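With the numbering used here applied, the sequence shown has no gaps in its numbers, which climb one by one up to 143 at the end. Notes to accompany the following structure.
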Amino acid sequence: MPPVIGLAARAYDPEGALVLPWRDGTNVGDLTRRVSRTRTLDGGVAVTDRGHAAGDRTLTVSLEGRTISVVERVRRLLRLHGQVTVSLDDGCYTATLSEYNERRQELTVLILGTA
């Protein structure tokens, strides 16, 4: 079964949930760590590593080729709900739908933490 992405409003909304089958152009796998590197006066570096947090993730969901009704439901979620629950293969997360770019047909989702 191909991966899917679930989006659901965190407050009651009869039209606030949908499942999006995987599309090329979707990116949910990038992970980062909170690492900074500072040059020191002796010519070396000081590295600070504060680990990984779920909130460091940004998802890009391709809506290319989706029906108008699906795109409108996503746009409605973005307009009406400050936070949503995102379901991925590796777990469920609270998130904010940050932007829908009509030209690229991409939804940007900022993960806030685990749900």
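Ideal Cβ positions, reconstructed from N, Cα and C, are used throughout, including at glycine. Keep in mind that this is a model prediction, so the values were computed, not measured.
DSSP state of residue i, grouped into three classes?
i      : result
Val56  : coil
Glu134 : strand
Glu100 : helix
Asp77  : strand
Ala39  : coil
Ala45  : strand
Gly71  : coil
Ala82  : helix
Leu87  : strand
Hey, residue i and residue j: beta-carbon distance below 8 Å or not?
i      : j      : result
Leu91  : Leu35  : no
Thr122 : Gly110 : no
Thr86  : Leu138 : yes
Cys120 : Val114 : yes
Based on Cα-Cα distance, which residue from the options lies nearest to residue i?
i      : options                     : result
Glu100 : Ala39, Ile33, Val32, Leu46  : Leu46
Gly93  : Arg131, Tyr40, Leu69, Gly44 : Arg131
Arg42  : Arg104, Arg61, Gly72        : The amino acid occupying residue 42 in the given sequence is Pro; Arg does not appear at that position. The residue with the shortest Cα to Cα distance from Pro42 is Arg104.
Could you give the distance in angstroms between the alpha-carbon of residue i and the alpha-carbon of residue j?
i     : j      : result
Gly83 : Thr142 : 8 Å
Gly79 : Leu116 : 22 Å
Gly57 : Val102 : 21 Å
Who are the Cβ neighbours of residue i in its own chain at under 7 Å, not counting the five residues just before and after it?
i     : result
Val32 : Val47, Leu48, Pro49, Trp50
Skipping 5 residues on each side, what residues in its chain have a beta carbon closer than 8 Å to that of residue i?
i      : result
Ala181 : Because the chain here runs from 29 to 143, residue 181 falls outside it and cannot be looked at.
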